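**Student:**
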Amino acid sequence: MAGEWHDINPHQYNVFPCKPICRVWADQITHHFFYSRQARVTLRLILIFLEPLLYTSSISFSFNLVLFFFLLTASVQEKKKNQQTAVIMSKTDQKACLIVIDGWGIPSVDSPKDGDAITNAKTPVMDALYKDSKGYTELEASSLAVGLPEGLMGNSEVGHLNIGAGRVVWQDVVRIDQTIKNGQLAQNDVIKKTFQSVAAGNGRLHLCGLVSHGGVHAKQTHLYALLKVAKEYGVPKVFIHFFGDGRDTDPKSGAGYMQELVDTAKEIGIGEIGTVVGRYFAMDRDKRWDRLEIALKGLVLGEGEASEDPVATVKARYERGGDLDRDEFLTPIIVGGDERRIKDDDTVFFFNYRSDRVRQITQLLGDVDRSPLPDFKYPKIKPLVTMTQYKGDYPFEVAFRPQHMGNVLAEWLGKQNVEQVHIAETEKYAHVTFFFNGGVEKVFPLETRDQSQDLVPSNKSVATYDLAPEMSADGVADQVVKRLGEQKFPFVMNNFAPPDMVGHTGVYDAAVIGCEATDKAIGKILEGCKKEGYVLFITADHGNAEEMKFPDGKPKTSHTTNKVPLLMANYPEGWSLKKTDEGVLGDVAPTVLAAMGLPQPEEMTGKSLLQKA
Numbered sequence: 001m002a003g004e005w006h007d008i009n010p011h012q013y014n015v016f017p018c019k020p021i022c023r024v025w026a027d028q029i030t031h032h033f034f035y036s037r038q039a040r041v042t043l044r045l046i047l048i049f050l051e052p053l054l055y056t057s058s059i060s061f062s063f064n065l066v067l068f069f070f071l072l073t074a075s076v077q078e079k080k081k082n083q084q085t086a087v088i089m090s091k092t093d094q095k096a097c098l099i100v101i102d103g104w105g106i107p108s109v110d111s112p113k114d115g116d117a118i119t120n121a122k123t124p125v126m127d128a129l130y131k132d133s134k135g136y137t138e139l140e141a142s143s144l145a146v147g148l149p150e151g152l153m154g155n156s157e158v159g160h161l162n163i164g165a166g167r168v169v170w171q172d173v174v175r176i177d178q179t180i181k182n183g184q185l186a187q188n189d190v191i192k193k194t195f196q197s198v199a200a201g202n203g204r205l206h207l208c209g210l211v212s213h214g215g216v217h218a219k220q221t222h223l224y225a226l227l228k229v230a231k232e233y234g235v236p237k238v239f240i241h242f243f244g245d246g247r248d249t250d251p252k253s254g255a256g257y258m259q260e261l262v263d264t265a266k267e268i269g270i271g272e273i274g275t276v277v278g279r280y281f282a283m284d285r286d287k288r289w290d291r292l293e294i295a296l297k298g299l300v301l302g303e304g305e306a307s308e309d310p311v312a313t314v315k316a317r318y319e320r321g322g323d324l325d326r327d328e329f330l331t332p333i334i335v336g337g338d339e340r341r342i343k344d345d346d347t348v349f350f351f352n353y354r355s356d357r358v359r360q361i362t363q364l365l366g367d368v369d370r371s372p373l374p375d376f377k378y379p380k381i382k383p384l385v386t387m388t389q390y391k392g393d394y395p396f397e398v399a400f401r402p403q404h405m406g407n408v409l410a411e412w413l414g415k416q417n418v419e420q421v422h423i424a425e426t427e428k429y430a431h432v433t434f435f436f437n438g439g440v441e442k443v444f445p446l447e448t449r450d451q452s453q454d455l456v457p458s459n460k461s462v463a464t465y466d467l468a469p470e471m472s473a474d475g476v477a478d479q480v481v482k483r484l485g486e487q488k489f490p491f492v493m494n495n496f497a498p499p500d501m502v503g504h505t506g507v508y509d510a511a512v513i514g515c516e517a518t519d520k521a522i523g524k525i526l527e528g529c530k531k532e533g534y535v536l537f538i539t540a541d542h543g544n545a546e547e548m549k550f551p552d553g554k555p556k557t558s559h560t561t562n563k564v565p566l567l568m569a570n571y572p573e574g575w576s577l578k579k580t581d582e583g584v585l586g587d588v589a590p591t592v593l594a595a596m597g598l599p600q601p602e603e604m605t606g607k608s609l610l611q612k613a
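According to full-length UniProt numbering, the sequence shown is numbered sequentially starting from 1.
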């Protein structure tokens, strides 16, 4: 910086050369506060012109003092401005775009070929990317590789957690399983306090949640363990509100799960079914409050089909053979009449461990915000209790508090002064924000979260997405391309929902259309990446659409345990992805960081799969 004095020849301005005191001021102030070379030279030029005044005895002290504070104030403002500019203009070696396709797995040798909606769809963009062996590898997306129990299929929540965290994230289900295995569930502080309070005569206990062997949202073994704890603490009665599955399980398997529950409850000596209702109504997450109202009218008011034998009633529904006569779409079945409704002073415990599909119903029952259904006759229940944390600002007691992970990808990018934006349609927006960010609602520094733009509305005009299988993939792609073109975000990521959401309907032909729409949308983003200079990474959170049928030809609506792809496109010469049998979703974030030329934090235990020649 001292050499910059030589940029100024004071004699050409016919003034005295700057005296030592002036140089001390200028050097100290500009060194600490002015980043711009032009600003430093300008300041020194001003001081040279003011030199005669600074040494005029009649005004020397007061003028020096005023000038000093003026320059100091200007310096601070200049520093702030340049700090902001430094953040906005933060450099990375390479800009990166990440696409997470929901439900796009790699078929196994056992996957029925006539049920593979991905391979049988017209997907020219993805087909071309698959052929580039340098930019292709495969990842495990289920079981222990993503922190789930052995053999359990992956899901959207777990997938995005692992991708965003850059490590294997041990899931709540594993923590709960281990607590039960070790015989410690009864000693959980929240469960102990809740059940003992009911046993002391404070209302009745209601257990609400999904009952199936799907293992995505809840487990029957957890429900049975809760019944045993209730029996141990002397709870007089427990009413079970059975949410039918049919998405992560066979569409008509619920009667079998229900019979198992009835038999197990008899063995334990406590527990009676109060309500049966499909997850379509009780577990909506897309603000379709009319569905929640139907479920609540069953749980609270007893509106529905009366039954003394819910297993027989469900089987009778199956036999009717209608499209909606399956577990997911079961309208309320009322067992035990008014006695088993949720009433004033009762205690309600939700045993789902996955949060996204029980946020809305607990929001209403727990009196967080009842504005969507303000006229419903809600019971005045005791403080609602949940197995895990469903949302950070919910005031409920939580049996298993969340684990806090440090330096997930979104947080780490902020610390590296990298701007980012995450985009999805309504159905999957929580996954690119809450779950991708490590299961926290927090918006990290330099993360833009503009829901008016980056939350693309899902189609609410259809009851199920097989009726509009393209979903909002095109709108999501358009918004991603827009963000790429702004040249503000070195990291852009998004989710495409159709393969998973349409796959869950079990309608094969619709899933094919959904996969084709997704491929077309990916093509748009690929072209945007080429135009704007982004390397593109594409992966999936779990499998689904590659297995739409069972071997016997029946529709399959659940996720799979198949591997998923990791693709790289528009990458520099000499780059490739490592071929390994040990790749997992937790390796995606380290790979992205390596591509961007950014360091990997210690907390990220995943491995970069990027190879640079």
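Here a beta-carbon is modelled for each residue, glycine too, at the ideal position from N, C-alpha and C.
None of these values were measured; they are calculated from a predicted model.
Taking the continuous alpha helix (DSSP H) assigned at Val176, which residues delimit it?
**Tutor:** In the sequence as displayed, the identity of residue 176 is Ile instead of Val. Element bounds for Ile176: 172-181.
**Student:** Kindly indicate which residue of Glu425, Thr539, Phe436, Ser156 has the alpha-carbon position closest to the one of Gln451.
**Tutor:** The shortest Cα separation from Gln451 among Glu425, Thr539, Phe436, Ser156 belongs to Glu425.
**Student:** If you draw a straight line from the C-alpha of Leu129 to the C-alpha of Leu409, how long is it?
**Tutor:** Distance between the alpha carbons of Leu129 and Leu409: 25 Å.
**Student:** Do you know offhand how far Thr518's Cα is from Lys231's?
**Tutor:** Cα to Cα, the separation comes out at about 50 Å.
**Student:** Identify, in the order they occur along the chain, each residue of the same chain with its Cβ nearer than 6 Å to the Cβ of Ser58, setting aside the five sequence neighbours on each side.
**Tutor:** Caution applies to Ser58, whose pLDDT of 49 falls short of 50 and renders its modelled position unreliable; the value that the coordinates give is listed next. Counting only Cβ-Cβ distances below 6 Å, and skipping sequence neighbours, we find nothing.
**Student:** Which of the three DSSP states is assigned to Thr433 in this structure?
**Tutor:** Reduced to three states, the DSSP call for Thr433 is helix.
**Student:** Counting along the chain, where does the beta strand (DSSP E) carrying Lys612 start and finish?
**Tutor:** Counting along the chain, the beta strand (DSSP E) containing Lys612 begins and ends at 610-612.
**Student:** Going by C-alpha to C-alpha distance, which of Gly322, Leu207, Glu303, Gly215 sits closest to Ala265?
**Tutor:** That would be Leu207, whose Cα lies nearest to the Cα of Ala265.
**Student:** With respect to the beta strand (DSSP E) encompassing Lys95, which residues constitute its N-terminal and C-terminal limits?
**Tutor:** Unbroken beta strand (DSSP E) run through Lys95: 95-101.
**Student:** Measuring only the C-alpha atoms, how far is Gly103 from Met126?
**Tutor:** Whole-angstrom Cα-Cα distance: 14 Å.
**Student:** For Thr518, name the three-state secondary structure that DSSP assigns.
**Tutor:** DSSP places Thr518 in helix when its eight states are reduced to three.
**Student:** Give the list of continuous beta strand (DSSP E) stretches no shorter than 3 residues that lie fully inside the region 408-495.
**Tutor:** With a minimum length of 3 residues, the continuous beta strand (DSSP E) runs that stay inside the region 408-495 are 420-425.
**Student:** Quick one: Cα of Phe329 to Cα of Asp290, how far?
**Tutor:** In a straight line, the C-alpha of Phe329 is about 14 Å away from that of Asp290.
**Student:** What's the call for Val158, buried or exposed, on a 16-neighbour Cβ count within 10 Å?
**Tutor:** The residue is buried, with at least 16 neighbouring Cβ atoms inside 10 Å.
**Student:** Looking at the unbroken alpha helix (DSSP H) that takes in Met568, where does it start and where does it end?
**Tutor:** It is not in any alpha helix (DSSP H) - Met568 instead sits in the beta strand (DSSP E) that spans 564-569.
**Student:** Which same chain residues, not among the five before or five after Lys612, have their C-beta less than 7 Å away from its C-beta?
**Tutor:** Excluding positions up to five away in sequence, the list reads Gly574, Trp575.
**Student:** For Lys219, does the count of other Cβ atoms within 10 angstroms reach 16, so buried, or fall short, so exposed?
**Tutor:** Buried: at least 16 other Cβ atoms inside 10 Å.
**Student:** If I measure Cβ to Cβ from Trp170 and keep anything under 8 Å in the same chain, skipping five residues before and after, which residues do I get?
**Tutor:** Gly147, Gln403, listed in sequence order.
**Student:** Using the C-alpha atoms, what's the distance from Ser111 back to Leu526?
**Tutor:** Computed Cα separation, rounded: 29 Å.
**Student:** Using 8 Å as the threshold, is the C-beta distance between Ala594 and Val535 below it?
**Tutor:** No, these two residues do not count as a Cβ contact at 8 Å.
**Student:** For Thr297, which residues of its own chain have a beta-carbon under 6 Å away from its beta-carbon, when the five flanking residues on both sides are left out?
**Tutor:** Residue identity differs from the one stated: residue 297 is Lys in this sequence, not Thr. Result list for Lys297: Glu303, in chain order.
**Student:** Which residues share a DSSP beta bridge with Trp575?
**Tutor:** Lys612, per the DSSP bridge assignment.
**Student:** With which residues is Val348 paired in a DSSP beta bridge?
**Tutor:** BP columns for Val348 point to His206.
**Student:** Give the straight-line distance between the Cα atoms of Tyr318 and Arg247, rounded to the nearest whole angstrom.
**Tutor:** For Tyr318 and Arg247, the distance between alpha carbons rounds to 15 Å.
**Student:** Quick one: give me the first and last residue of the beta strand (DSSP E) that Val277 is part of.
**Tutor:** Taken as a continuous stretch (DSSP letters only), the beta strand (DSSP E) holding Val277 covers 272-278.
**Student:** Between the alpha carbons of Val358 and Arg370, how many angstroms are there, rounded?
**Tutor:** Their Cα atoms are separated by approximately 15 Å.
**Student:** Counting along the chain, where does the alpha helix (DSSP H) carrying Tyr224 start and finish?
**Tutor:** Where Tyr224 is concerned, the enclosing alpha helix (DSSP H) stretches over 220-232.
**Student:** Does Pro124 come out as helix, strand or coil in the three-state DSSP assignment?
**Tutor:** In this structure, Pro124 counts as helix in the three-state DSSP scheme.
**Student:** Checking 8 Å against the spacing of the C-beta atoms, do residue 618 and Thr539 come in under that value?
**Tutor:** The structure shown has nothing for residue 618, since the chain only spans 1 to 613.
**Student:** Return the CA-CA distance between Asp393 and Lys442, expressed in angstroms with no decimal places.
**Tutor:** Approximately 11 Å, taken between the alpha carbons.
**Student:** Applying the criterion that 16 or more other CB atoms from any shown protein chain within 10 Å of the CB defines a buried residue, is Cys22 buried or exposed?
**Tutor:** In this prediction, Cys22 scores a pLDDT of 47, lower than 50, which makes its location untrustworthy; the coordinate-derived value is nonetheless stated afterwards. The residue is buried, with at least 16 neighbouring Cβ atoms inside 10 Å.
**Student:** Please classify Tyr130: does DSSP put it in a helix, a strand, or coil?
**Tutor:** In the structure shown, Tyr130 sits in a helix (DSSP, three-state: H, G or I).
**Student:** Alpha carbon to alpha carbon, how far is Lys122 from Met89? Give it in angstroms, no decimals.
**Tutor:** Residue confidence is low: Met89 scores 39 on pLDDT, short of 50, so the model does not pin down where it sits. Its coordinate-derived value is still stated next. If you take the alpha carbons of Met89 and Lys122, they lie about 41 Å apart.
**Student:** Going by other Cβ atoms of all chains shown within 10 Å of its Cβ, with 16 needed for buried, is Asp323 buried or exposed?
**Tutor:** Exposed.
**Student:** Grouping DSSP H, G and I as helix and E and B as strand, with all else coil, what is Leu161?
**Tutor:** Note: Leu161 maps to helix in three-state DSSP.
**Student:** Name the two residues that bound the continuous alpha helix (DSSP H) containing Tyr318.
**Tutor:** Here the alpha helix (DSSP H) through Tyr318 covers 310-320.
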